[in-house]
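One structure is given here, and the rest of the page talks about it.
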Amino acid sequence: MKAHVVSCPHCGAEVLKYRQPALTVDVIIHPQDAPGRVVLIRRRNPPLGWALPGGFVDEGESLERAAQREAKEETGLDLEDLRQFRAYSEPNRDPRRHTVTVVFSATGIGRARAADDAQDLGIFSLEALPQDMAFDHRRILEDYMQWTLRSVVPS
Numbered sequence: 001m002k003a004h005v006v007s008c009p010h011c012g013a014e015v016l017k018y019r020q021p022a023l024t025v026d027v028i029i030h031p032q033d034a035p036g037r038v039v040l041i042r043r044r045n046p047p048l049g050w051a052l053p054g055g056f057v058d059e060g061e062s063l064e065r066a067a068q069r070e071a072k073e074e075t076g077l078d079l080e081d082l083r084q085f086r087a088y089s090e091p092n093r094d095p096r097r098h099t100v101t102v103v104f105s106a107t108g109i110g111r112a113r114a115a116d117d118a119q120d121l122g123i124f125s126l127e128a129l130p131q132d133m134a135f136d137h138r139r140i141l142e143d144y145m146q147w148t149l150r151s152v153v154p155s
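Read in order, the letters of the sequence shown correspond to residues 1 to 155 in full-length UniProt numbering.
Spelled out as structure tokens, the structure:
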């Protein structure tokens, strides 16, 4: 594990500070009135582009609660049938720092609207995603589409 030496701000003693990935959640939200589509937000802050609603998990917060909070903050939607889909951990998936995201899928209840750090909100078909997507969210949605196809189509 990588670490570097820092000084304690209180006593000046040298201590090791470990660099660890940040934990995030992202949510694939299917609106209740448009089950075959997904909600994406256009990010207000860099890195810019369309993205799944999501964000950092707060200390003391469960992954599920973080997913519900981020969805409500960014889209105004409440979530039902929240299910964990997959985790993504590529060190360069977020240009700001190493993050590990746990992705959920859910049904969105209520009226979708852009809020918090979302500049805009759109509802898209999985087959017609916008070109300018942030992070690895296009890959996540492509993986999700393949997974849902395998789940419904017998082999």
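From the three backbone atoms N, C-alpha and C, an ideal C-beta is built for every residue, glycine too.
Among all the DSSP beta bridges, which residues are the ones paired with residue i?
{"i": "Thr101", "result": "Thr24 and Tyr88"}
{"i": "Asp120", "result": "Arg42"}
{"i": "Lys17", "result": "His4"}
{"i": "Glu80", "result": "Thr107"}
{"i": "Ala51", "result": "Ile41"}
For residue i, tell me which candidate among the options has the shortest Cα-Cα distance.
{"i": "Ala128", "options": "Gln119, Arg113, Trp50 and Ser151", "result": "Trp50"}
{"i": "Asp116", "options": "Pro35, Asn45 and Ala106", "result": "Asn45"}
{"i": "Asp33", "options": "Ala106, Arg86 and Thr101", "result": "Ala106"}
{"i": "Ala67", "options": "Gln119, Glu142, Leu141 and Leu23", "result": "Leu23"}
{"i": "Arg19", "options": "Val6, Cys11, Ile28 and Val27", "result": "Val6"}
{"i": "Gly122", "options": "His4, Arg83 and Ile28", "result": "Ile28"}
{"i": "Glu73", "options": "Ala114, Asp58 and Lys2", "result": "Ala114"}
{"i": "Leu149", "options": "Ala112, Pro9, Gly36 and Gly76", "result": "Gly36"}
{"i": "Ser125", "options": "Met145, Pro47 and His4", "result": "Met145"}
{"i": "His30", "options": "Lys17, Asp132, Arg69 and Phe104", "result": "Phe104"}
{"i": "Leu82", "options": "Ser89, Cys11, Arg69 and Gly60", "result": "Arg69"}
{"i": "Phe85", "options": "Asp132, Leu141, Gln131 and Gly76", "result": "Leu141"}
{"i": "Glu64", "options": "Val25, Ala87 and Thr75", "result": "Val25"}
{"i": "Thr75", "options": "Gly55, Cys11, Arg139 and Ala3", "result": "Gly55"}
Within its chain, find whatever has a CB closer than 8 Å to the CB of residue i; leave out the 5 residues flanking it on each side and keep chain order.
{"i": "Arg93", "result": "Thr99, Thr101, Phe135 and Asp136"}
{"i": "Val119", "result": "According to the sequence as given, residue 119 is Gln; it is not Val. Here the set comprises Ile41, Arg42, Arg43 and Arg44."}
{"i": "Pro91", "result": "Pro21 and His98"}
Could you pull out every residue in the same chain whose Cβ sits closer than 6 Å to the Cβ of residue i, ignoring the five residues on either side in sequence?
{"i": "Asp78", "result": "Ile109 and Gly110"}
{"i": "Ser89", "result": "Val100"}
Which same chain residues end up closer than 7 Å to residue i when comparing Cβ atoms and leaving out the 5 residues on each side of it in sequence?
{"i": "Arg97", "result": "Ala22"}
{"i": "Asp58", "result": "Ala66"}
{"i": "Glu80", "result": "Ala106, Thr107 and Ile109"}
Could you check how far apart the C-beta atoms of residue i and residue j are, in whole angstroms? I think they sit under 8 Å.
{"i": "Ala112", "j": "Val15", "result": "Actually they are not in contact, since the Cβ atoms of Ala112 and Val15 sit about 46 Å apart, beyond 8 Å."}
{"i": "Pro47", "j": "Pro95", "result": "6 Å"}
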